[in-house]
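Remarks on the structure that follows.
2 protein chains.
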Amino acid sequence: MSTSYKLIYFNIRGRGEVTRYLFAQAGVSYTDERIENKDWPALKPLTQYGFLPTLELNGGEHSITGSLVIPRYLAERPEFNLAGANPIENAQIAGVANFLQDLEHAILKLVRVKDNKEEVTKDFTEVQVPNFFGKLDGFCSTGGYLFQDKLTWVDFYFYELYEWIVAVMPNILDNYSSLKKLTTTIENLPNIAKWIKDRPQSAY
Amino acid sequence: MSTSYKLIYFNIRGRGEVTRYLFAQAGVSYTDERIENKDWPALKPLTQYGFLPTLELNGGEHSITGSLVIPRYLAERPEFNLAGANPIENAQIAGVANFLQDLEHAILKLVRVKDNKEEVTKDFTEVQVPNFFGKLDGFCSTGGYLFQDKLTWVDFYFYELYEWIVAVMPNILDNYSSLKKLTTTIENLPNIAKWIKDRPQSAY
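For the record, the sequence lines run as chains A and B. The opening residue of the first sequence carries number 1 in the working numbering; numbering runs sequentially from there. The opening residue of the second sequence carries number 1001 in the working numbering; numbering runs sequentially from there.
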């Protein structure tokens, strides 16, 4: 019997969307349970860590929590096939995710800043963007993907961060042609194009 | 032929020490290469991401970077045996690490704060400590370890965070008896006791 999956997250893309991309790309069915903000205070104390996303397997027989833990787990399942060929490659791909997480923190700092907005924005555009996007562009300049020549879960993680930042900085990838090409590759995957068209719309 | 390992990190515990604990506990030999601060500016541009720790396998045949990526990789090797029994358990253990990482960020915020020191300290002691340590204490109240009844890599991650915070808040675990017992368990592991006694001393 195949595994049944339920993803529990808020009604936004946010930290749940990478997992939703993986389900879309792999063509694996799942329940996309979206918590409304008004229901969260009652639910929060019942969760293991006090946050989401959580993935429930087989009606709650097992659960896995964490915005990057879930995609890595699924990607390494044979029916998803969005990970490496062995444990070393899987760790190297997790290393790319770790780097992308630092980019995520830089983006969060930018969008949440209250004081010193000008200073943080200057740092983001002049220091963070060249550092992160420069290195990432190099990673995919040969094989077309962030890890060698294989589409993996971290490409979707990058794409979700890109969706967020391009909404406020439309020219963000102008100097990074390999990353620009990667976003086009992802958007043109038939299952992903369909998901982007059909999914619930939200600002982030 | 067995794998040869070289851990490359700075001459501090910091984000390299969890990996060093795993090598000590498993009794696996490795090269503990410690970079001096003065040598870092020249080395940094040669690294994949611009940060450490990096683990080199078989003299550089493969390398893995990231302070949590490396311990998870090693823990899941049979000769280390400090992970779960299957991919689901390994993801759940990574979920604990993800939660501990949020605690690490709260500790970093506390020790790095310049403005609003009083406010951040109050938040840490009254909000962060009960939240994180309360949940973690619950996790190990039954089986004695953070994941069920098995010593895993996240116990060492917790211990390293504890070492950091107990130096400035000696009574931090007074209300968390299961966590207190866990730290005693870890300190009394023969290989760990020897490592703590023999390792290079540093403030953090």
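Yeah, the Cβ is synthetic: ideal placement off N, Cα and C, and Gly gets one too.
Count the C-beta pairs between the segment 1172-1191 of chain B and the segment 1126-1144 of chain B that are closer than 8 Å, then say yes if the count reaches three, no if not. Yes, they touch.
Residue range of the beta strand (DSSP E) that includes B:D1115: For B:D1115, there is no enclosing beta strand (DSSP E), as DSSP marks it with neither H nor E.
Counting Cβ pairs, one atom from each stretch, are 3 or more of them under 8 Å apart for the segment 49-64 of chain A and the segment 183-200 of chain A? Between the segment 49-64 of chain A and the segment 183-200 of chain A there are fewer than three C-beta pairs closer than 8 Å, too few to call the two in contact.
Name, please, each residue of chain B whose Cβ falls closer than 8 Å to the Cβ of A:I64. Correct list: I1088, A1091, Q1092 and G1095.
Tell me the DSSP secondary structure of B:I1064 in three-state form. Note: B:I1064 maps to strand in three-state DSSP.
From B:N1171 to B:W1164, what distance separates their C-alpha atoms? Whole-angstrom Cα-Cα distance: 13 Å.
Helix, strand or coil at B:L1046 [DSSP, three-state]: B:L1046 carries a helical assignment under DSSP once its states are collapsed to helix, strand and coil.
Do A:L7 and A:Y21 count as a contact pair if the criterion is CB distance below 8 Å? A:L7 is positioned such that its CB atom lies no closer than 8 Å to that of A:Y21.
For A:I8, the residue or residues it bridges with in DSSP: Answer by DSSP bridge pairing, in chain order: A:E33 and A:T54.
Flag A:F73 as yes if its beta-carbon sits less than 8 Å from any beta-carbon of chain B, otherwise no. Reading the sequence as shown, one finds Tyr at residue 73 of chain A and not Phe. Yes, its Cβ sits closer than 8 Å to a Cβ of chain B.
Own chain residues within Cβ distance below 7 Å of B:F1099, not counting five before or after: Closer than 7 Å at Cβ, skipping near neighbours: no residue.
Compare the Cα-Cα distances from B:I1196 to each of B:F1156, B:V1168, B:V1069 and B:K1038 and report the closest residue. Here the closest residue by C-alpha is B:F1156.
Quick one: is B:V1127 buried, meaning 16 or more other Cβ sit within 10 Å of its Cβ, or exposed? Counting Cβ neighbours within 10 Å, B:V1127 comes out exposed, since fewer than 16 surround it.
Where the alpha helix (DSSP H) through A:E126 begins and ends: DSSP places A:E126 in no alpha helix (DSSP H); its state is neither H nor E.
Identify, in the order they occur along the chain, each residue of the same chain with its Cβ nearer than 6 Å to the Cβ of B:D1174, setting aside the five sequence neighbours on each side. So the list is empty, once near-sequence residues are dropped.
I'd like the list of long-range same chain contacts for B:L1068, defined as Cβ closer than 6 Å, with 5 residues on each side in sequence excluded. So the list reads A1097, once near-sequence residues are dropped.
Is any beta-carbon of chain A found at less than 8 Å from that of B:Y1049? For B:Y1049, a Cβ of chain A is located within less than 8 Å of the residue's own Cβ.
Please report whether the beta-carbon of B:V1120 lies at a distance below 8 Å from any beta-carbon of chain A. With 8 Å as the cut-off, B:V1120 does not count as an interface residue toward chain A.
Of the residues B:A1083, B:E1079 and B:I1064, which one's Cα is nearest the Cα of A:A94? It is B:I1064 whose Cα lies nearest to the Cα of A:A94.
Close beta carbons around A:V166, own chain, < 7 Å, minus the five adjacent residues each side: Cβ within range, chain order: I172.
Thinking just about the alpha-carbon of each residue, which of B:A1042, B:P1130, B:D1115 and B:V1018 is nearest to the one in B:A1075? Nearest option by C-alpha distance: B:V1018.
Using the Cα positions of B:R1013 and A:V28, report the straight-line distance between them to the nearest angstrom. Cα-Cα distance, rounded: 43 Å.
Can you look up B:N1081 in the DSSP assignment and give me helix, strand or coil? Under the three-state reduction of DSSP, B:N1081 is assigned to coil, being neither helix nor strand.
Flag this pair as yes or no: are the beta carbons of A:S202 and A:N11 separated by less than 8 Å? The answer is yes: Cβ separation under 8 Å.
Contact list for B:E1126 against chain A, beta-carbon separation under 9 Å: The premise fails here: B:E1126 is roughly 16 Å from chain A at the closest Cβ pair, so nothing lies under 9 Å.
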